[in-house]
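A quick write-up on the structure given underneath.
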Amino acid sequence: MKLFKLSMAALVLSISSLAMAEGGGDRTFDRAMQANERAMAAYAAKQGKEAPVVENYRYGMPLDVQKVVSVTPLAKACNPVPSRMTYEDSAGQLKTLEYQVMGQCRTNGS
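Taken in order, the sequence shown gives residues 2 to 111; the numbers are from the numbering used here.
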């Protein structure tokens, strides 16, 4: 299990380095989301569960979060960017939500 957690951490770090290298373009976000989807499918297989289907968050939708499994890192951008959270609900099912967050904007070298 420790090896899996270490590989997940390495995946998250590599995704964030891609975002920095390409300046946060749409292609970078697509790759990050695809990498997240593959990682969550691998996690689900290891846990003996079905891979989660990505669902778009709607304001006010009820959430049943028992355990957060993964959250994609903040992208380096000065505008809203996609992010995903995968979690287990009270029935033990894996679910993934995609939503918009404000990117991590840094200007003037700060």
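Heads up, the beta-carbon is just placed ideally off N, CA and C, and yes, glycines get one too.
Simplified DSSP state of residue i, which is helix, strand or coil
i, result
"T108", "coil"
"K96", "strand"
"N57", "strand"
"Q67", "coil"
Beta-carbon proximity of residue i to residue j, cut-off 9 Å
i, j, result
"P81", "G104", "yes"
"L98", "V55", "yes"
"Y100", "P83", "yes"
"L95", "P63", "no"
Spatial distance of residue i from residue j (CA atoms)
i, j, result
"K91", "V66", "In the sequence as displayed, the identity of residue 91 is Ser instead of Lys. So the alpha carbons of these two residues sit roughly 7 Å apart."
"Y88", "N57", "14 Å"
"G25", "V72", "For G25, the predicted structure reports a pLDDT of 49, less than 50, and the residue's modelled location is therefore unreliable. The matter cannot be settled from this model."
"A36", "A46", "15 Å"
"A43", "D27", "24 Å"
"R39", "A33", "10 Å"
"A76", "K68", "23 Å"
"M86", "M41", "10 Å"
"F30", "Q48", "27 Å"
"C106", "R59", "25 Å"
Pick from the options that is closest to residue i, judged by C-alpha positions
i, options, result
"V102", "L95, K96, A33 and A78", "A78"
"E51", "G93, R85, C106 and T108", "G93"
Neighbour-count burial assignment, residue i, 16 or more Cβ in a 10 Å radius
i, result
"T108", "exposed"
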